[in-house]
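In what follows, a single structure is set out as structure tokens and then discussed.
Numbering (full-length UniProt numbering), first residue to last: 1 to 66.
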């Protein structure tokens, strides 16, 4: 799965999302996040296993794993 040809910068964004509501926040609250610049384009050479495909989303500007 190569990057779009228009990709000029590539960043890895990690987020920790709270799946359930607690006394201090609603479900879906972003607890933490960090971004890391990537020096080289990402290319997956193998197909994703079925267990990962259900959590994987690919759009024109992002890949998301939930």
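A virtual CB, placed ideally from N, CA and C, is assigned to each residue, including glycine.
*asked:* Nearest by alpha-carbon distance to residue 8: which of 56, 57, 37 is it?
replied: Translated into the one-based positions of the chain shown, residue 8 becomes position 8. Of the listed residues, the one whose Cα sits closest to residue 8 is 37.
*Rounded straight-line distance, which links the Cα of residue 24 to that of residue 64*: As a position in the chain shown, residue 64 is number 64, starting the count at 1. As a position in the chain shown, residue 24 is number 24, starting the count at 1. Their Cα atoms are separated by approximately 26 Å.
*Mind checking which residues open and close the alpha helix (DSSP H) that includes residue 51?*
Walking along the chain shown from the start, residue 51 turns up at place 51. Residue 51 -> alpha helix (DSSP H) spans 50 to 53.
*Quick one: measure Cβ to Cβ for residue 32 and residue 10, integer angstroms, because I've assumed they're closer than 8 Å.*
Within the chain shown, the letter at position 32 stands for residue 32. Within the chain shown, the letter at position 10 stands for residue 10. A Cβ-Cβ separation of about 21 Å leaves residue 32 out of contact with residue 10 under the 8 Å criterion.
*CA-CA distance, residue 30 and residue 18?*
Here residue 30 is taken as the residue at index 30 of the chain shown, counted from 1. Here residue 18 is taken as the residue at index 18 of the chain shown, counted from 1. Cα to Cα, the separation comes out at about 6 Å.
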